[in-house]
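Residue numbers (this note's numbering), protein chains in the order written: chain A, 9 to 113; chain B, 104 to 190; chain C, 618 to 797.
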Amino acid sequence: MSALIDGLTWLLLLGGGFFVVAGGAGLLRMPDFFTRLHPAGLVDTLGAVLIILGLVLQAGFTQVSAKLVLVLVLLFLTGPTATHAVSNAALVSGLMPWTKRKDND
Amino acid sequence: MFDVTAAILLVGMAFALVRAVLGPTIYDRILAINVHGTKTVLLIAVLGFVTERPDFLDLSLVYALINFIGTIAVLKLIKYGYLGDGP
Amino acid sequence: MLIERRSLLFAVHRSENAKRTGGDLVRAISLYAALYGVWLLLSGFFSPFFLGIAAVCCALVVYIALRMDVIDQEGHPVQISWRLIPYLPWLAWQIVRANLDVTRRVFSRDLDIDPVLRWVPASQRTDLGTVIYANSITLTPGTVSTDVEPGRIRVHALSGDAMAELETGEMNARVRDVEG
Numbered sequence: 009m010s011a012l013i014d015g016l017t018w019l020l021l022l023g024g025g026f027f028v029v030a031g032g033a034g035l036l037r038m039p040d041f042f043t044r045l046h047p048a049g050l051v052d053t054l055g056a057v058l059i060i061l062g063l064v065l066q067a068g069f070t071q072v073s074a075k076l077v078l079v080l081v082l083l084f085l086t087g088p089t090a091t092h093a094v095s096n097a098a099l100v101s102g103l104m105p106w107t108k109r110k111d112n113d
Numbered sequence: 104m105f106d107v108t109a110a111i112l113l114v115g116m117a118f119a120l121v122r123a124v125l126g127p128t129i130y131d132r133i134l135a136i137n138v139h140g141t142k143t144v145l146l147i148a149v150l151g152f153v154t155e156r157p158d159f160l161d162l163s164l165v166y167a168l169i170n171f172i173g174t175i176a177v178l179k180l181i182k183y184g185y186l187g188d189g190p
Numbered sequence: 618m619l620i621e622r623r624s625l626l627f628a629v630h631r632s633e634n635a636k637r638t639g640g641d642l643v644r645a646i647s648l649y650a651a652l653y654g655v656w657l658l659l660s661g662f663f664s665p666f667f668l669g670i671a672a673v674c675c676a677l678v679v680y681i682a683l684r685m686d687v688i689d690q691e692g693h694p695v696q697i698s699w700r701l702i703p704y705l706p707w708l709a710w711q712i713v714r715a716n717l718d719v720t721r722r723v724f725s726r727d728l729d730i731d732p733v734l735r736w737v738p739a740s741q742r743t744d745l746g747t748v749i750y751a752n753s754i755t756l757t758p759g760t761v762s763t764d765v766e767p768g769r770i771r772v773h774a775l776s777g778d779a780m781a782e783l784e785t786g787e788m789n790a791r792v793r794d795v796e797g
């Protein structure tokens with residue numbers, strides 16, 4: 009039973025780590041600011057969810073798990089708001105998105 | 104297993120830091136630091152399990168809040184040039 | 618000067634929102650219960666001394682919130698909570714799919730992206746509904762809401778596919794259902 013939980017934890021933690029690194033790599037590879045917003049979303053969503061879920065599995069049904077879930081809820085509420093604030097500020101300041109096509113408005 | 108996760112998180116944080124140094128615009132830097140902060144929250148939570156001291160989770164909570172407020176504060180500073188009611 | 622400005626703020630706030638209703642007391646009580654729950658969760662001490670301090674602190678916060686007039690349909694939206702329950706699993710599934718898509722694009726050799734920036738209609742009735750919709754768009758990697766106006770949201774998408782999926786309007790309709 010505990011071996012099963014350990015295996016699941018490994019899977020979740022490594023999966024979360026993969027998405028966190030993918031977010032970092034995307035941050036480096038993307039051509040301009042607006043495209044970099046999307047890999048940042050990877051870290052905010054699946055990266056955080058998988059790592060926290062892995063920790064919850066190890067902690068069991070305790071106060072520690074409750075706090076971990078609270079951290080997750082906070083990240084889910086503040087992450088998109090911060091992303092929206094940064095992108096809106098960039099757009100208002102006149103930064104234009106990099107495009108392949110020309111059908112924007 | 105937690106130390107491995109912490110190492111992976113550090114690699115991701117290094118990527119974010121490189122982007123923060125490279126820029127090129129101020130908004131790239133703010134975004135990179137915001138992402139770096141999210142990863143720090145996760146790292147603190149994982150470190151709590153590495154050292155087997157769950158108290159670290161409280162720091163993690165507080166860091167999540169500070170990260171958000173810091174991002175908004177820096178954005179406001181850039182947009183208006185001051186943080187209070189007026190210049 | 619300060620008092621004048623504050624009263625002006627209040628006047629604007631009052632006229633924007635619906636007038637106070639009997640639901641205020643229910644909202645205050647549910648806020649108190651939520652605050653007390655968070656306190657118990659975070660402290661983990663159950664001696665009478667700490668429980669007493671918690672009661673006083675939560676009462677103080679609820680009193681300040683009442684004075685600031687932030688306990689209303691927007692500040693403490695209990696009316697939508699049960700309609701959120703069927704929406705969240707659907708949103709979670711969308712987030713997982715979008716994550717895999719963006720990860721594939723990040724690691725593809727020639728960086729398979731085609732960014733677009735376009736207005737998308739938002740047909741929610743209330744500001745709260747529009748905020749939920751915009752937040753859901755940003756939470757889904759591949760699409761980010763960059764600007765919000767009444768009735769429409771400016772969305773930056775990483776690829777034409779992500780934008781096309783948003784423009785089918787399924788998420789829009791589901792958030793409208795959450796509003797009731």
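Heads up, the beta-carbon is just placed ideally off N, CA and C, and yes, glycines get one too. All of these numbers come straight from a predicted model, not from anything done at the bench.
When beta bridges are read from the DSSP output, T760(C) appears opposite A774(C). Along the segment 33 to 53 of chain A, the positions whose C-beta sits under 7 Å from a C-beta of chain C are A33, G34, R37, F42, T43, L45, H46, P47, G49, L50, T53, read in chain order. Counting other Cβ atoms within 10 Å of its Cβ, G184(B) stays below 16 and is therefore classed as exposed. One Cα belongs to L756(C), the other to W656(C), and the distance between them is close to 28 Å. With a contact defined as Cβ atoms closer than 8 Å, G115(B) and K142(B) qualify at about 5 Å. Here F105(B) is buried: its Cβ has 16 or more other Cβ atoms, across all protein chains shown, within 10 Å. Distance between T154(B) and G87(A), taken at the CA atoms: about 27 Å. With its beta carbon at least 9 Å from every one in chain C, G24(A) lies outside the interface. In this structure, N170(B) places its C-beta atom within 9 Å of the C-beta atom of G140(B). As a beta-bridge residue in DSSP terms, R769(C) pairs with P738(C), E766(C). Under the 9 Å criterion on CB atoms, T128(B) is classed as interfacial with respect to chain A. Taking 7 Å as the upper bound on Cβ-Cβ separation, chain A lies near residues V114, G115, F118, A119, V121, R122 of the segment 113 to 127 of chain B. Boundaries of the alpha helix (DSSP H) around G87(A): 71 to 100. One alpha carbon belongs to S95(A), the other to D40(A), and they sit about 12 Å apart. In the three-state reduction of the DSSP assignment, V643(C) falls in the helix class, which pools H, G and I. Taking A715(C) as the centre and dropping the five residues before and after it, the same chain places the C-beta of T757, P758, G759 closer than 6 Å to its C-beta, in chain order. Comparing alpha-carbon positions, the option among F666(C), M685(C), F663(C) lying closest to A645(C) turns out to be M685(C).
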